[in-house]
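Visitor:
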Amino acid sequence: MWYMQSTLVQPEGQATNHASNNPESGTCDFTAKNGKYTSLRTHDNETIIEDFITEANFIIQCVNARAPTKDNISSINIHVQLSPKSKNRYAQKVFRERIKLDETLYKEYRQFETLRVKAFRVNMSPEQKEKYNEKTRLRMKKYREKKKSEGTDTASHPKQKTRKEKEKQREKWRKDKQLQRDNLNPQKKRRINEKRRKQYALQKQKTAPIDINTESDKTSTVPETASSSGYQTKCARRKAVSRSIKILPKNPDKFAEVVATIIKKSTPRKKAALKNKCIASPSSKKKIRIS
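So in the UniProt record's numbering the end of the sequence shown lands on 291, straight run, no missing numbers.
#1: Less than 8 Å between the CB atoms is what I'm expecting for threonine 207 and alanine 272, so what's the real figure, rounded?
#2: Cutting at 7 Å between CB atoms, please list the residues of its own chain near serine 86, excluding the five before and the five after it.
#3: Where does proline 84 fall in DSSP's three states?
#4: Mapping the DSSP letters down to three states, classify glutamine 232 as helix, strand or coil.
#5: Would you mind listing the alpha helix (DSSP H) stretches within the region 170-217 that are 4+ residues and don't spill past its ends, in chain order?
#6: Taking leucine 248 and valine 258 to be in contact with their CB atoms under 8 Å, please state how far apart those CB atoms are, rounded to whole angstroms.
#7: Return the Cβ separation of isoleucine 99 and tyrosine 106 in integer angstroms, given the expectation that the two are a contact with Cβ distance under 8 Å.
#8: Please state whether DSSP places glutamine 160 in a helix, a strand or coil.
#9: Would you please state the rounded distance, in angstroms, between the beta carbons of tyrosine 132 and methionine 124? I believe it to be under 8 Å.
#10: Mapping DSSP to helix, strand and coil, what is serine 266?
#11: Hey, how far is the Cα of arginine 170 from the Cα of lysine 177?
#12: Tell me which residues share the same chain as lysine 254 and place their Cβ nearer than 6 Å to its Cβ, disregarding the 5 neighbours each side in the sequence.
#13: So, helix, strand or coil for asparagine 276, using DSSP?
#14: If you follow the alpha helix (DSSP H) that aspartate 126 is part of, which residue opens it and which one closes it?
#15: May I ask which residues mark the beginning and end of the alpha helix (DSSP H) holding lysine 107?
#16: May I ask you to report which of helix, strand or coil DSSP gives threonine 152?
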């Protein structure tokens, strides 16, 4: 342990320096003024950060709050001990604050730290990886709890982006995708092209116009499934229908008008798909008999 000890005499409006008798044991010199520490130095004149001074002053206030006795009526004995881990934490904080003053040096330091951590992760053993992941999980859990106590929800939806921000993001995605395509090997490109051609042929086959006068179409009845409707699963089709219904008008007349306009302005392929589903366009509604 790193021990610090001092006896503080509270003069009225005077500054008094008090040092321990054994500076080699890691003790510190306190400078007191009006019953408060104003600076704190070790035996090699190394200044300790202000956080510890604030903590020491808080201890003084707690001691002064007690009823005066024969022992503390003229002087107050304070014994503070600091663990090596806390001492190292304070030293690292001082080092980071000092190096941030030089932007160039701090940038080089961050680059070095990035490479160092990357090399450390690559060379970790399975036991070290497990320990590292567990510490990371606990750290993130503590961070989320802290944000939750502050009223900041880390799992909330992202902020709505403007049109300019969306265009900038799409441009970035476009460049990243182009770079990914450039780095593909020929075998991977061939597999992707084959998959795309197969999907295109399937889609074209589904949307092809069907002659309703042929005998095969009259006799054959294909049950409507998730695959024949264009969706891979029934859940996907149900979600699409639910989203569409939410944005359509609730009024029956407005609903019918919107749907009729959508059918009227649909493309030829969509009209062919509607015809395949036995849905007539608004122009041909006169030919439909309802019995």
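Note that the Cβ used here is the ideal one computed from N, Cα and C, for glycine as well. What you are looking at is a predicted structure, and each value in this text was computed from that prediction instead of being measured.
Guide: For this structure:
#1: Counting from 1 along the sequence shown, the entry for residue 207 is found at position 207. Counting from 1 along the sequence shown, the entry for residue 272 is found at position 272. Contact flag correct, Cβ pair sits at about 6 Å.
#2: Locating residue 86 in the sequence shown gives position 86, counting from the first residue. Result list for serine 86: empty, nothing under 7 Å.
#3: In the sequence shown, residue 84 corresponds to position 84, counting from 1. Proline 84 falls in the helix class under three-state DSSP.
#4: For the purposes of this step, residue 232 is identified with residue 232 of the sequence shown, where counting begins at 1. DSSP places glutamine 232 in coil when its eight states are reduced to three.
#5: 186-206
#6: Within the sequence shown, numbered from 1, the residue matching residue 248 stands at position 248. Within the sequence shown, numbered from 1, the residue matching residue 258 stands at position 258. Confirmed, Cβ separation roughly 6 Å.
#7: The residue labelled residue 99 in the question sits at position 99 within the sequence shown. The residue labelled residue 106 in the question sits at position 106 within the sequence shown. About 5 Å; that satisfies the 8 Å criterion.
#8: By 1-based counting over the sequence shown, the position of residue 160 is 160. DSSP places glutamine 160 in coil when its eight states are reduced to three.
#9: Indexing the sequence shown from 1 puts residue 132 at position 132. Indexing the sequence shown from 1 puts residue 124 at position 124. About 6 Å; that satisfies the 8 Å criterion.
#10: Taking the first residue of the sequence shown as position 1, residue 266 is located at position 266. It is coil, neither helix nor strand.
#11: Position 170 of the sequence shown holds residue 170. Position 177 of the sequence shown holds residue 177. About 10 Å.
#12: As a position in the sequence shown, residue 254 is number 254, starting the count at 1. Within the same chain, lysine 254 has no close Cβ partners at all.
#13: Here residue 276 refers to the residue found at position 276 when the sequence shown is read from its first residue. The answer is helix: DSSP assigns asparagine 276 an H, G or I state.
#14: Residue 126 sits at position 126 when you count from the first residue of the sequence shown. It should be pointed out that residue 126 corresponds to proline in this sequence rather than to aspartate. Unbroken alpha helix (DSSP H) run through proline 126: 126-149.
#15: Counting from 1 along the sequence shown, the entry for residue 107 is found at position 107. Taken as a continuous stretch (DSSP letters only), the alpha helix (DSSP H) holding lysine 107 covers 103-122.
#16: Here residue 152 is taken as the residue at index 152 of the sequence shown, counted from 1. Coil.
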